[in-house]
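Participant:
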Amino acid sequence: MGGSAFDPNGNRLILNAQEIGGIIRLHEIPVGFSNRNAYVEHCASCHGIDREGTDDGPSLVDVGLRLTRGQLARVMREGSGRMPSYDHLQDFERNAVLAHIQSPQSEEEDPPSTEVDYVFGGALRIRDHEGLPGNSPPWGTLGSIDLATGEIDWQVPLGDYAETEGLGLGAENYGGPVVTASGLIFIGATPDRKFRAF
Numbered sequence: 000m001g002g003s004a005f006d007p008n009g010n011r012l013i014l015n016a017q018e019i020g021g022i023i024r025l026h027e028i029p030v031g032f033s034n035r036n037a038y039v040e041h042c043a044s045c046h047g048i049d050r051e052g053t054d055d056g057p058s059l060v061d062v063g064l065r066l067t068r069g070q071l072a073r074v075m076r077e078g079s080g081r082m083p084s085y086d087h088l089q090d091f092e093r094n095a096v097l098a099h100i101q102s103p104q105s106e107e108e109d110p111p112s113t114e115v116d117y118v119f120g121g122a123l124r125i126r127d128h129e130g131l132p133g134n135s136p137p138w139g140t141l142g143s144i145d146l147a148t149g150e151i152d153w154q155v156p157l158g159d160y161a162e163t164e165g166l167g168l169g170a171e172n173y174g175g176p177v178v179t180a181s182g183l184i185f186i187g188a189t190p191d192r193k194f195r196a197f
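Shown next, in the form of structure tokens:
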């Protein structure tokens with residue numbers, strides 16, 4: 000999850016990277032799934048099949064004109080009044096419900112899927128018993144790539160964890176470097192909260 004910076008004077012790309020082992024999770028979207036079906040399964044008992052409301056829940060007709068998608072998502076995650084939280088839903092299910100209640104589409108315009116599909120369900124980082132990355136270090140690096148040759152000019156471990164401080168093993172990092180006109184590189188982005196210059 001690193002970033003990069005271009006150094007036009009040196010024709011090089013400065014790139015920070017994290018090399019943390021993980022498992023990518025996929026969620027299966029079953030055959031027959033549609034935004035409307037997700038709404039019917041999770042919401043219709045209180046808000047009505049056609050979103051017109053019942054004695055147990057208010058109308059959701061044109062709710063997208065009254066509330067933003069972010070506000071609706073928050074209500075789904077946290078609940079509101081008598082409505083319970085729907086935080087247990089997978090992201091694709093929650094997004095389908097939000098899409099349906101914000102859309103005027105009819106059932107005919109939202110046909111159920113005819114094939115199994117998959118959506119990204121996040122990454123699970125592999126950790127050891129101390130909470131450190133479970134693969135061999137370096138776990139984070141900063142490097143320079145010569146764009147004329149494609150060769151790596153240099154690469155160094157970037158960052159530390161409290162448990163490995165000073166060992167040069169690197170750490171996961173989020174963010175990117177900045178290169179000045181003189182070629183000086185600045186970067187934070189690491190869990191040790193240090194700001195470094197190269």
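The numbering of the sequence shown is numbering that gives the first Met the number 0, which starts it at 0 and goes up by one. We put the CB at the ideal spot given by N, CA and C, even for glycine. Note that the coordinates shown come from a computational prediction; the quantities given were computed from them, not determined experimentally.
So ILE13 and VAL178 are in contact, right, with Cβ under 8 Å, and what is the actual spacing, rounded?
Facilitator: Between VAL178 and ILE13 the Cβ distance is about 6 Å, and since that is below 8 Å, they are a contact.
Participant: Taking the straight line between their C-alpha atoms, what separation do you get for GLU106 and GLY21?
Facilitator: Note that GLU106 scores a pLDDT of 49, beneath 50, so its modelled location is shaky; the value from the coordinates is reported in the next line. The alpha-carbon atoms of GLU106 and GLY21 are separated by roughly 39 Å.
Participant: Could you tell me how far apart the beta carbons of GLY187 and GLY174 are, in whole angstroms, since I believe they sit closer than 8 Å?
Facilitator: 6 Å between Cβ atoms; contact.
Participant: Among HIS99, CYS42, LEU157, which residue has its Cα nearest to the Cα of ARG81?
Facilitator: When only C-alpha atoms are compared, the closest one is CYS42.
Participant: From which residue to which residue does the beta strand (DSSP E) around TYR14 run?
Facilitator: Just to set this straight, residue 14 is Leu in the shown sequence, not Tyr. Run containing LEU14: 11-17, per the beta strand (DSSP E) assignment.
Participant: Buried or exposed: which applies to THR148, given that a residue is buried once 16 or more other Cβ atoms fall within 10 Å of its Cβ?
Facilitator: Under this definition THR148 is an exposed residue.
Participant: Starting from ILE100, trace the alpha helix (DSSP H) in both directions and tell me its first and last residue.
Facilitator: Counting along the chain, the alpha helix (DSSP H) containing ILE100 begins and ends at 90-101.
Participant: Go to SER44, then tell me how far its alpha helix (DSSP H) extends in each direction, as first and last residue.
Facilitator: Taken as a continuous stretch (DSSP letters only), the alpha helix (DSSP H) holding SER44 covers 43-46.
Participant: Counting Cβ pairs, one atom from each stretch, are 3 or more of them under 8 Å apart for the segment 70-81 and the segment 121-138?
Facilitator: Verdict: no, contact absent.
Participant: Mapping the DSSP letters down to three states, classify TYR38 as helix, strand or coil.
Facilitator: Of the three classes helix, strand and coil, the one that applies to TYR38 here is helix, per DSSP.
Participant: Looking at the ligand FMN, does it come within less than 7 Å of ARG81, judged from the CB to the closest heavy atom?
Facilitator: The ligand FMN is not among the ligands present in this structure, which contains no ligands whatsoever.
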